[in-house]
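One structure below.
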């Protein structure tokens, strides 16, 4: 993974010193809250419903075991012993004291982490495929480019005060696991160069990003991004926060006209002052070598373990992903145990995951936008030992990609923007579908829950999306059907009136039962059946009386 | 009648105004006449080294937050309703949840 150089260390240390001074001046009353608020937000510190929340960047979701241990330490020492992994592949600590923040940032800097640009109208953490550098279907590793984008966008003087926040996602695999078409810019790295999608997003007005360029050469990536951002920075709407994202501009201009303006801007740019030459790209690639893979494994021993332990066999089936080496897999550690908040991990669990990464995963972990933790490289011969280590800490739930592997934002339990609670609903749904056999019979099904229209829970692209709304102080939940964030991305459509929370799990069960009745075979996934038969077929089941 | 609430500057903890002081237990919050509440809110808005973002919660005749604020204020007063180590405010004060 990327290693800080002297410049990086000095840059982060300077920012931390600056923020420590700002915190002290705020505590002393030398600056007002109005003056302080934008400064703390630039350093990832929000004031939420119950307390301050610190959002720490996990660059493109890549973590070392040492960094995971530091999260555990922060959770234990400064928070209430847990952290929440987010759909931006970051981590949030929900109970942080303002006065402790400088010390926390100092301790994060020791392990080459920070909270910069996790808030504000700037370029946020670039997200990517959680299996980057490991997946069998990968064409090229997106991590070096994500790091190049991170360095280019950090404190970029021109793009620190954009009309609105800006999110970039990048994938280098055939299958899109980074949800690129619902990002401000989605980059798809192919053998011929980058496909560039611009103007996607969720929130109040969801759009799938249209393709505006193909074959962009890697050495021209930054100048082209700069041109995209410049057009947005110039013409994006600053008069209306609800219309300020780039998706609104691209929609208003049309993809063709936006693309033309970007090309015009790109032609005017002195690209030599912006672009990372191939030698620099190669330098960044050198930070992401393969680990020294253990060779070979005893396939018969693995089969024997699976035969002897059905729960292990199920975990292998559901929680492992094909690796570029046949003797390895990528393992997803589900943070969705039945009945508990999606994406949360205790400090003890973080330590267990760090231990597991060191023992079986070459010291590397990832955070997925589905709010799970990944060990990208695990030798097949180590799987059973890994499983047993995780099993003792409630980290062996075998539900990845299944109905109980839900995305849920913190919702009204923590977030000051939310209209309704997300976590208790996710807990209720997971309890309704806790039967492992039923879950496996249902197969792949993604439920995504947001507690407000800002869509941090990605409800627009859930196979079943759930949006919490407030009607005169009572929580209701609108159900969307047919969304997906993969390479066939589609936006879900709202089906009828909102339901009260207590009616939602039963409504989902009706839809799922109908799907099981209507699917043509066990291999036809829920989203395929919905696509084949139309959402209306299932909408009726959602809203029929229990 | 209204309640006055804010967050403490140093640690962000939710506070409730109880006659002449701030307390952490929402059950001890004072129900304040509208006019006095407005004055208090303005007074504390200026005392920024102690509390942040003070605001008023309108109450119904039976002392509940008005309907449109009910869920939010219930969660704020009692702590998260979910979370593996979430702070259970009501339990820590040895009382039932309020705003039920």
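Chains as they are written, first to last, in my numbering: chain F, 9 to 554; chain L, 980 to 1079. Virtual Cβ for every residue (Gly too), placed ideally from N, Cα, C. Here the structure is a predicted model, which is why all the values come from computation and not from measurement.
Task: Neighbourhood of residue 243(F) by C-beta distance below 7 Å, restricted to the same chain and skipping five residues each side - done: Closer than 7 Å at Cβ, skipping near neighbours: 257.
- [ ] Starting from the beta carbon of residue 1058(L), find every residue of chain F whose beta carbon is closer than 9 Å, and list them in chain order.
- [x] Chain F residues near residue 1058(L): 58, 421.
Task: Of the residues 109(F), 86(F), 138(F), the one placed nearest residue 124(F), counting alpha carbons only - done: In terms of Cα proximity to residue 124(F), the closest of 109(F), 86(F), 138(F) is 109(F).
Task: Contact between the stretch 50 to 65 of chain F and the stretch 138 to 152 of chain F (3+ Cβ pairs under 8 Å) - done: No: fewer than three Cβ pairs fall under 8 Å.
- [ ] Give a yes or no on whether 8 Å exceeds the smallest Cβ distance from residue 412(F) to chain L.
- [x] Residue 412(F) is outside the set of residues whose beta carbon lies under 8 Å from a beta carbon in chain L.
- [ ] Evaluate residue 73(F) with the Cβ neighbour count: other Cβ atoms within 10 Å of its Cβ, from every protein chain shown; 16 or more gives buried, anything less gives exposed.
- [x] Buried: at least 16 other Cβ atoms inside 10 Å.
- [ ] Could you please give the first and the last residue of the uninterrupted beta strand (DSSP E) stretch that includes residue 81(F)?
- [x] Premise fails: residue 81(F) lies in the alpha helix (DSSP H), 73 to 86, not in any beta strand (DSSP E).
Task: Where residue 46(F) falls, given that 16 or more other Cβ within 10 Å makes a residue buried - done: Per the 10 Å Cβ criterion, exposed.
Task: DSSP three-state assignment for residue 184(F), whether helix, strand or coil - done: Per DSSP, reduced to three states, the secondary structure at residue 184(F) is coil, with no helix or strand assignment.
- [ ] Using a Cβ-Cβ cut-off of less than 9 Å, give me the residues of the stretch 98 to 132 of chain F that come near chain L, in sequence order.
- [x] Taking a C-beta cut-off of 9 Å against chain L, the contacting residues of the stretch 98 to 132 of chain F are 102, 103, 104, 105, 106, 107, 108, listed in chain order.
Open item on the list: On the DSSP letters alone, give me the boundaries of the beta strand (DSSP E) that residue 222(F) sits inside.
Closed with: Note, residue 222(F): beta strand (DSSP E), 219 to 224.
- [ ] Measure from the C-beta of residue 554(F) to each C-beta in chain L and report whether the shortest distance is under 8 Å.
- [x] Low per-residue confidence applies at residue 554(F): pLDDT is 48, beneath 50, and the placement is therefore not dependable, though the value from the model is reported in the following sentence. Not closer than 8 Å to any Cβ of chain L, the Cβ of residue 554(F) fails to qualify, so no.
TODO: For residue 37(F), decide whether its Cβ has a neighbour in chain L, counting only Cβ atoms nearer than 8 Å.
DONE: Closer than 8 Å: yes.
Task: Neighbouring residues, chain F, relative to residue 1017(L) (Cβ below 8 Å) - done: Contact of residue 1017(L) with chain F by beta-carbon distance below 8 Å is absent, the smallest such distance being about 20 Å.
Task: Through-space distance from residue 493(F) to residue 135(F), alpha-carbon basis - done: Answer to the nearest angstrom: the Cα atoms are 14 Å apart.
- [ ] Scan the stretch 991 to 1013 of chain L for residues whose Cβ lies nearer than 8 Å to a Cβ of chain F and list them as they occur along the chain.
- [x] Taking 8 Å as the Cβ-Cβ cut-off against chain F, the residues of the stretch 991 to 1013 of chain L that qualify are 991, 992, 993.
Task: From 412(F), 262(F), 551(F), 402(F), residue whose alpha carbon lies closest to that of residue 486(F) - done: Selected option, being the one with the closest Cα: 551(F).
Open item on the list: Let me check understanding here. Comparing Cα to Cα, which of 474(F), 332(F), 401(F) lies closest to residue 431(F)?
Closed with: Closest by alpha carbon: 474(F).
Task: Amino acids of chain F, ordered along the chain, whose beta-carbon sits closer than 8 Å to that of residue 985(L) - done: Those do not exist, as residue 985(L) stays about 11 Å from chain F at its closest Cβ, beyond 8 Å.
Open item on the list: Can you pull the chain L neighbours of residue 435(F), defined as C-beta to C-beta under 8 Å?
Closed with: Under the 8 Å cutoff, chain L gives 1061.
Open item on the list: Can you check which of these residues, 420(F), 195(F), 476(F), 449(F), is closest to residue 1053(L) by C-alpha distance?
Closed with: For residue 1053(L), the closest C-alpha among the options 420(F), 195(F), 476(F), 449(F) is that of 420(F).
- [ ] May I ask whether a heavy atom of the ligand HEM can be found less than 7 Å away from the beta carbon of residue 20(F)?
- [x] Within the structure as shown, the ligand HEM is missing, as the structure has no ligands at all.
TODO: Starting from residue 1031(L), follow its DSSP beta bridges and name the residues at the other end.
DONE: By DSSP's assignment, residue 1031(L) forms a beta bridge with 986(L).
Task: DSSP three-state assignment for residue 372(F), whether helix, strand or coil - done: Here residue 372(F) sits in strand by DSSP.
Task: Cβ contact (3+ pairs, closer than 8 Å) linking the stretch 359 to 372 of chain F and the stretch 271 to 283 of chain F - done: Too few Cβ pairs lie closer than 8 Å, so no.
TODO: Answer with yes or no whether the minimum CB distance from residue 1028(L) to chain F is below 8 Å.
DONE: By this cut-off, residue 1028(L) is an interface position.
Open item on the list: Is there a C-beta anywhere in chain L that falls below 8 Å from the one on residue 432(F)?
Closed with: Yes, its Cβ sits closer than 8 Å to a Cβ of chain L.
Open item on the list: Could you check whether residue 170(F) and residue 129(F) sit closer than 8 Å to each other, using their CB atoms as the reference points?
Closed with: A contact, by the Cβ cut-off of 8 Å.
Open item on the list: Less than 8 Å between the beta carbons of residue 238(F) and residue 272(F), yes or no?
Closed with: Cβ distance not < 8 Å, so residue 238(F) and residue 272(F) don't count as in contact.
Task: Partner residues on chain F for residue 1032(L), Cβ-Cβ distance less than 9 Å - done: Going along chain F in sequence order, the residues near residue 1032(L) (Cβ under 9 Å) are 41, 55.
TODO: With DSSP as the reference, label residue 286(F) as helix, strand or coil.
DONE: Helix at residue 286(F).
- [ ] Determine the contact status of residue 54(F) and residue 1059(L), defining contact as a CB-CB distance below 8 Å.
- [x] The Cβ atoms of residue 54(F) and residue 1059(L) lie no closer than 8 Å to each other.
- [ ] Determine the chain F residues that contact residue 1035(L) at a beta-carbon separation under 9 Å, and present them in chain order.
- [x] Per Cβ cutoff of 9 Å: no residues; residue 1035(L) is ~16 Å from chain F at best.
Open item on the list: DSSP three-state label for residue 422(F), please.
Closed with: Residue 422(F): coil per DSSP, three-state reduction.
- [ ] For residue 231(F), name the three-state secondary structure that DSSP assigns.
- [x] Correct three-state label for residue 231(F): helix.
Task: CA nearest to the CA of residue 346(F), picked from 292(F), 410(F), 325(F), 291(F) - done: The residue with the shortest Cα to Cα distance from residue 346(F) is 410(F).
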